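Numbering (the working numbering), first residue to last: 300 to 951. Structure, as structure tokens:
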Amino acid sequence: MRTMLFAMAVIALAICPFAQFTYLKTLDGTGSNISGITAQYNFSRPVGLEYNDGKLYVSDFDKAYVYIMNIENNTVSGRAGVPGDDPSSLQGPMHILLDGQDGLFIVDKAAGAIKKSTGTTSLLLVGGGTGSINAPTGIAANQAYLYVTETGSNTIRRLNRPHYTLDTAFSSPGSGDGQIIDPQDLQVVGDKLYVANTGNNRIEVLDGNFGYVQTLGRGLGGISLSGPKGLYFDMASQNTYVADTNNHRVVVFNARGYPVATLGTKGVSGSGNYLFNQPYEVLVADGKLFVSDYGNRRVQVFSIGQFTVNETVLEKINSANATVAELLALMPVANRLGISVVTTAQFDIESAYDAMDRRDYGEAQSKASKAEADAKSKTLFAKQEIAVGAKGLAAKVMERIAPYESEVANTSLAADYTSIKNKAADVSGKIERQEYMQATDLALSLNTLAGSFIQKVMQQRAGEKVEIGKETAESLRAEHAKIRANLAAYLDEAKKYKQTLAGESVGGLLQYAMEDIDAGKLDSANQTLAQAEARLSALQKELGEKAVKINAMSEKITAVKTRIAELEGQKVLMYPDFSSARSLLREAEDSLYENPDSASSMAEEALTLAGQASSNAKTLSYTIIGAVVLFGFALLVGGFFAWKMFLSPRKK
Numbered sequence: 300m301r302t303m304l305f306a307m308a309v310i311a312l313a314i315c316p317f318a319q320f321t322y323l324k325t326l327d328g329t330g331s332n333i334s335g336i337t338a339q340y341n342f343s344r345p346v347g348l349e350y351n352d353g354k355l356y357v358s359d360f361d362k363a364y365v366y367i368m369n370i371e372n373n374t375v376s377g378r379a380g381v382p383g384d385d386p387s388s389l390q391g392p393m394h395i396l397l398d399g400q401d402g403l404f405i406v407d408k409a410a411g412a413i414k415k416s417t418g419t420t421s422l423l424l425v426g427g428g429t430g431s432i433n434a435p436t437g438i439a440a441n442q443a444y445l446y447v448t449e450t451g452s453n454t455i456r457r458l459n460r461p462h463y464t465l466d467t468a469f470s471s472p473g474s475g476d477g478q479i480i481d482p483q484d485l486q487v488v489g490d491k492l493y494v495a496n497t498g499n500n501r502i503e504v505l506d507g508n509f510g511y512v513q514t515l516g517r518g519l520g521g522i523s524l525s526g527p528k529g530l531y532f533d534m535a536s537q538n539t540y541v542a543d544t545n546n547h548r549v550v551v552f553n554a555r556g557y558p559v560a561t562l563g564t565k566g567v568s569g570s571g572n573y574l575f576n577q578p579y580e581v582l583v584a585d586g587k588l589f590v591s592d593y594g595n596r597r598v599q600v601f602s603i604g605q606f607t608v609n610e611t612v613l614e615k616i617n618s619a620n621a622t623v624a625e626l627l628a629l630m631p632v633a634n635r636l637g638i639s640v641v642t643t644a645q646f647d648i649e650s651a652y653d654a655m656d657r658r659d660y661g662e663a664q665s666k667a668s669k670a671e672a673d674a675k676s677k678t679l680f681a682k683q684e685i686a687v688g689a690k691g692l693a694a695k696v697m698e699r700i701a702p703y704e705s706e707v708a709n710t711s712l713a714a715d716y717t718s719i720k721n722k723a724a725d726v727s728g729k730i731e732r733q734e735y736m737q738a739t740d741l742a743l744s745l746n747t748l749a750g751s752f753i754q755k756v757m758q759q760r761a762g763e764k765v766e767i768g769k770e771t772a773e774s775l776r777a778e779h780a781k782i783r784a785n786l787a788a789y790l791d792e793a794k795k796y797k798q799t800l801a802g803e804s805v806g807g808l809l810q811y812a813m814e815d816i817d818a819g820k821l822d823s824a825n826q827t828l829a830q831a832e833a834r835l836s837a838l839q840k841e842l843g844e845k846a847v848k849i850n851a852m853s854e855k856i857t858a859v860k861t862r863i864a865e866l867e868g869q870k871v872l873m874y875p876d877f878s879s880a881r882s883l884l885r886e887a888e889d890s891l892y893e894n895p896d897s898a899s900s901m902a903e904e905a906l907t908l909a910g911q912a913s914s915n916a917k918t919l920s921y922t923i924i925g926a927v928v929l930f931g932f933a934l935l936v937g938g939f940f941a942w943k944m945f946l947s948p949r950k951k
């Protein structure tokens, strides 16, 4: 019974219309055609698609033609190519390209050649029996180059235009980022190349030098592709449409790599509307989505609806972004004063965008609210600490020069004293006007002005020697060296844990202290060294606490990986789908050093997802086994009654 319910649920999903797409029609070449012989133009294995001026171009691998379809009435208005073995004919056309410079290009996989249509004949460009192209499949172009994929050699060839000589060949077979196995369709988008990395079950995005940029369809957002053979990047929406061939569906990804829509039912092939059997190519044109439904010998056409965005949540994210931007502007100012501001707001904003891409609006709003609250709290903290720090520096400078006020009252140094005093007072004025950066700049400059002023006073005393403080210059230099060594050790440790905690403020204090030592201002140097040591101690304590968290969370992530591996080994009949759990675990690893608490939560959630996946796989396995057992039992009982009724000896 449960098996029957499961099958009914699958069928219900298969016939359910998809909100973003509305079925319009099917094109299969069965309408009237140019010769009046309808059967000749019925599609057999439609592959490549192109569109121009209301006409749809469809390549048919089996029939070795490129058909030009009238979309309105499903009729064939023309064709390109002639089946045959000679160079000007077609043997097995795959993907096609309508190019403004040269017309219609046809990838003839069976002939190992790229051909250009000139009406009912085709001209050989490269390959064709020479062995120079090994099973070509996909084609793309920009003004400078023509790109061709070779499935037979796992290679992408780049040909110079207009002579189509080989410029370079990229081949890096493997499963790593940027590596290609069985490449098929491809498209040039600006300075990027989108490639159907069919053998690796994903879409690879490469730069102009074939360097790795991005991957689509590797579990992000819960979507994993299987043998994708066609793709189309829509410039208007910045979405990438993918023919997820072995899963019998179409998946739409946004620019950040998250799935925003699907069409068809994963793993379910069918011939009804909204269902596919090995879709091979996708094309967006004139507000419509065209899908070459290879296994069903047809092209399905859909209108494209609006991919909805929750404006309320987006407004919340924008509000949080503004608050975070204010905090980010204050953080460098705080660092200059030795104030460490640690925030999760940036990470939470990124998480909010990710959730928005997944249409998990509740999570997006929650993350945005958390980011805004943290940013507001840390902004208030930063403002208060900057005010205290800047005013404190100004007060310290006034303490340094106060003993000389009466001594310089009637000298040329009176103007210098008054200038420093006014600037120290202006620090408070700038703080009140919330000019935190200007206040900090001014406060940090006062110490140098004060040192210059005191040096002039000393010169005015005509060589009078003044002993300042009890510490000798030698002992202060030794203390300076010790703190400098501790600072270097701290910076190494911070780098190990990928932390960006402030260290330059301590370095600045050490510089001020050395300047005072060199100038003989030993008391001032002693105070500055004490301040540097206190700040370094606070930073070391903060780093130590975070290191403990990071180590603990790293162990937790490792434990979750081990547990997922154990669950994977417990499969009964059906393999559990751990893609969502692994994707979340990768996010946890990425955020470990920036936000260990968040990494811990994600690791726990990944373990929960893995447990659910394992449980679901076991339930489905037991259901199937139970159904088989029940079926066998039913056969046994039925056989027994049949024997009793028809075959057992009857009493006379």
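C-beta: ideal position from N, C-alpha, C; glycine also. Predicted, not measured: the structure shown is a model, and the values here were computed from it.
TODO: Kindly indicate which three-state DSSP category residue 508 falls into: helix, strand or coil?
DONE: One-based indexing of the sequence shown puts residue 508 at position 209. If DSSP states are grouped into helix, strand and coil, residue 508 belongs with coil.
Task: Reduced DSSP category for residue 581 - H, G, I as helix; E, B as strand; rest coil - done: Within the sequence shown, numbered from 1, the residue matching residue 581 stands at position 282. Note: residue 581 maps to strand in three-state DSSP.
Open item on the list: Between which residues of its own chain and residue 912 is the CB-CB distance below 7 Å, once the five residues before and five after are set aside?
Closed with: Here residue 912 refers to the residue found at position 613 of the sequence shown. Correct list, in chain order: 875, 876, 877, 880.
Open item on the list: Which of the three DSSP states is assigned to residue 314 in this structure?
Closed with: Working through the sequence shown from its first residue, we reach residue 314 at position 15. Below a pLDDT of 50, predicted positions are generally treated as unreliable, and residue 314, at 31, falls in that range; the measurement from the model is reported next regardless. Looking at residue 314 - three-state DSSP - the assignment turns out to be helix.
Task: Cβ shell of residue 890 (< 8 Å), same chain only, five flanking positions each side left out - done: Translated into the one-based positions of the sequence shown, residue 890 becomes position 591. 646, 897, 898, 901, listed in sequence order.
Open item on the list: In chain order, what are the residue ranges of uninterrupted alpha helix (DSSP H) at least 4 long that sit wholly in the region 846–899?
Closed with: The region 846–899 contains these whole alpha helix (DSSP H) runs: 878–890.
Open item on the list: Classify residue 430: buried if its beta carbon has 16 or more other beta carbons within 10 angstroms, exposed otherwise.
Closed with: In the sequence shown, counting from the first residue as 1, residue 430 sits at position 131. Reliability fails at residue 430, whose pLDDT of 49 lies under 50, so the model's placement of it is uncertain and the value that follows must be treated cautiously. Residue 430 should be labelled exposed.
Open item on the list: One question on the structure: do residue 484 and residue 453 come within less than 8 Å of each other, judged by their Cβ atoms?
Closed with: The residue you call residue 484 lines up with position 185 of the sequence shown. The residue you call residue 453 lines up with position 154 of the sequence shown. No, these two residues do not count as a Cβ contact at 8 Å.
Task: Enclosing beta strand (DSSP E) for residue 547 [first to last residue] - done: On the sequence shown, position 248 is the one that residue 547 refers to. Unbroken run through residue 547: none, as it is neither H nor E.
Task: Neighbour-count burial assignment, residue 394, 16 or more Cβ in a 10 Å radius - done: Within the sequence shown, numbered from 1, the residue matching residue 394 stands at position 95. With 16 or more other Cβ atoms within 10 Å, it is buried.
Open item on the list: Using the three-state DSSP reduction, which class does residue 381 fall into: helix, strand or coil?
Closed with: The count along the sequence shown starts at 1 and reaches residue 381 at position 82. Taken through DSSP and simplified to helix, strand or coil, residue 381 comes out as coil.
Open item on the list: Which residue marks the beginning of the beta strand (DSSP E) containing residue 597, and which one marks its end?
Closed with: Indexing the sequence shown from 1 puts residue 597 at position 298. Note, residue 597: beta strand (DSSP E), 597–603.
Task: Per DSSP, the bridge partner or partners of residue 475 - done: On the sequence shown, residue 475 is found 176 positions in, with the first residue counted as 1. Under DSSP, residue 475 takes part in no beta bridge, so it has no partner.
Task: For residue 468: DSSP bridge partner residues - done: Against the sequence shown, residue 468 aligns to sequence position 169. Partner(s): 456.
Open item on the list: If you measure between the beta carbons of residue 716 and residue 726, is that distance less than 8 Å?
Closed with: What you label residue 716 is simply residue 417 of the sequence shown in a count that begins at 1. What you label residue 726 is simply residue 427 of the sequence shown in a count that begins at 1. No, the pair does not count as a contact, with Cβ atoms beyond the cut-off.
Task: Cβ separation of residue 407 and residue 415, assumed to be a contact under 8 Å, to the nearest whole Å - done: One-based indexing of the sequence shown puts residue 407 at position 108. One-based indexing of the sequence shown puts residue 415 at position 116. Here residue 407 is actually not in contact with residue 415; their C-beta atoms are around 11 Å apart, not less than 8 Å.
Task: Nearest candidate by alpha-carbon position, reference residue 403, set 805, 439, 375 - done: On the sequence shown, residue 403 is found 104 positions in, with the first residue counted as 1. Considering only alpha carbons, the answer is 439.
- [ ] Below 8 Å on the Cβ atoms is my guess for residue 884 versus residue 859; work out the distance and round it to an integer in Å.
- [x] Numbered from its first residue, the sequence shown carries residue 884 at position 585. Numbered from its first residue, the sequence shown carries residue 859 at position 560. Confirmed, about 6 Å.
Task: Beta-carbon contacts of residue 827 that lie in its chain and below 7 Å, excluding the five residues immediately before and after - done: Working through the sequence shown from its first residue, we reach residue 827 at position 528. Taken in chain order, the residues that qualify are 808, 811, 812, 815.
Task: Contact the region 656–671 vs the region 690–707: 3+ CB pairs below 8 Å - done: Contact between the region 656–671 and the region 690–707 is absent, because fewer than three Cβ pairs lie under 8 Å.
Task: Among 500, 869, 906, nearest to residue 887 - alpha-carbon criterion - done: In the sequence shown, residue 887 corresponds to position 588, counting from 1. Looking at the Cα atoms, 906 is the closest of the given residues.
Task: Residues that residue 321 bridges to, as DSSP identifies them - done: Against the sequence shown, residue 321 aligns to sequence position 22. According to the DSSP secondary-structure assignment, residue 321 is paired through a beta bridge with 602.
- [ ] Specify, as a first and last residue, the run of the alpha helix (DSSP H) that residue 643 falls within.
- [x] Position 344 of the sequence shown, counted from the first residue, corresponds to residue 643. Counting along the chain, residue 643 falls outside any alpha helix (DSSP H), and DSSP gives it neither H nor E.
TODO: Buried or exposed for residue 532, please, with buried defined as at least 16 other CB atoms from any protein chain shown within 10 angstroms of its CB.
DONE: As a first step, residue 532 must be located in the sequence shown, where it is residue number 233. Burial call: buried.
TODO: State the beta-bridge partners of residue 575 as determined by DSSP.
DONE: For the purposes of this step, residue 575 is taken as the residue at position 276 of the sequence shown. Its beta-bridge partners are 568.
Open item on the list: My assumption, with CB atoms under 8 Å, is that residue 559 sits in contact with residue 551. Please give the rounded CB distance.
Closed with: Position 260 of the sequence shown holds residue 559. Position 252 of the sequence shown holds residue 551. Approximately 5 Å separates the beta-carbon atoms of residue 559 and residue 551; this is inside 8 Å, confirming the contact.
Task: Backbone secondary structure at residue 923 - three-state DSSP - done: Taking the sequence shown and counting its residues from 1, the one referred to as residue 923 is at position 624. Three-state DSSP puts residue 923 in a helix.
Task: Simplified DSSP assignment, three categories, for residue 758 - done: As a working mapping, residue 758 is identified with position 459 in the sequence shown. Helix at residue 758.
TODO: List the residues that DSSP assigns as beta-bridge partners of residue 359.
DONE: Within the sequence shown, the letter at position 60 stands for residue 359. Beta-bridge pairing links residue 359 to 345, 364.
TODO: Measure the alpha-carbon distance for residue 606 versus residue 553 and round it to whole angstroms.
DONE: Indexing the sequence shown from 1 puts residue 606 at position 307. Indexing the sequence shown from 1 puts residue 553 at position 254. Those two C-alpha atoms are separated by around 10 Å.
Task: Span of the alpha helix (DSSP H), counted from its first residue to its last, around residue 618 - done: For the purposes of this step, residue 618 is identified with residue 319 of the sequence shown, where counting begins at 1. Counting along the chain, residue 618 sits inside the alpha helix (DSSP H) bounded by residues 610–635.
Task: Sequence-distant residues of its chain with Cβ nearer than 8 Å to residue 603 (five each side left out) - done: Here residue 603 is taken as the residue at index 304 of the sequence shown, counted from 1. So the qualifying residues of the chain are 319, 320, 583, 586, 587, 588.
TODO: Please classify residue 416: does DSSP put it in a helix, a strand, or coil?
DONE: For this step, residue 416 is matched to residue 117 along the sequence shown. It is a strand residue.
TODO: Indicate whether residue 380 and residue 388 have their beta-carbon atoms separated by less than 8 Å.
DONE: Numbered from its first residue, the sequence shown carries residue 380 at position 81. Numbered from its first residue, the sequence shown carries residue 388 at position 89. The Cβ atoms of residue 380 and residue 388 lie closer than 8 Å to each other.
Task: Alpha-carbon spacing of residue 882 relative to residue 862, whole angstroms - done: Start at 1 with the first residue of the sequence shown, and residue 882 comes out as number 583. Start at 1 with the first residue of the sequence shown, and residue 862 comes out as number 563. Each residue's Cα considered, the two are about 15 Å apart.
Task: DSSP bridge partner residues for residue 440 (one or two, in chain order) - done: Mapped onto the sequence shown, residue 440 falls at position 141. Beta bridge pairing from DSSP links residue 440 with 445.
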